[in-house]
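Data block below; observations after.
Numbering (the working numbering), first residue to last: 60 to 279.
Following this line, the structure appears as structure tokens:
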């Protein structure tokens, strides 16, 4: 039943997959910019590269290294070799490790079904930013949740849903978070954010944001 629901949800909205494919093509054309660009296009391209790399990294750590590659997600391994992008990827990897250790967060995520992935994704995403406040912790929480949905799709043998989820994430980023990222000077602001508090403090904050959003989603 879960597979049928997820496939139906993905098939009903192929715009997300097209968005993922468009960003992938743009990434390959402009990979030399790395994480240094501040134009709308460069920020979205870098965001897509970071999200794909984050998904591949988490899949590898969950023992699913052979299940997905950067190419299958619409990108290339070469994009992650850019020094600036690599530093950003390392930040995401470290916070991902912290979140993976949060028992309460993992319990909440385990309860998320793949029956209606689009509804779940957008309701949780909207809840994360419902108070109109933006920060890098919430952006990372959005990426982490998208990554977890992708891993669920992999486990459920629904590969066609993977690029669709990436497309949803980039659509939400473009429509709701892009301007804020530009105001921070692009993705480089992420390095400054993670350079201030301890990784444990950041992990607790991000986990709290996502756990609260999932709790409200469950109650609604």
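Glycine included, every Cβ here is placed at the ideal spot set by N, Cα and C.
Judged by DSSP secondary structure, residue 102 falls within the alpha helix (DSSP H) whose first and last residues are 99-120. Judged by pairs of C-beta atoms under 8 Å, the stretch 234-247 touches the stretch 182-196, as three or more such pairs exist. For residue 139, no alpha helix (DSSP H) encloses it, and the DSSP letter there is neither H nor E.
Taking all protein chains shown into account, residue 166 has fewer than 16 neighbouring C-beta atoms within 10 Å of its C-beta and is therefore exposed.
By a beta-carbon distance limit of 8 Å, residue 214 does not contact residue 114. Their separation comes to about 13 Å.
For residue 173, the three-state secondary structure derived from DSSP is coil.
The beta carbons of residue 161 and residue 266 sit closer together than 8 Å.
The alpha helix (DSSP H) runs lying completely inside the stretch 180-225 and spanning 4 residues or more are 195-214, given in chain order.
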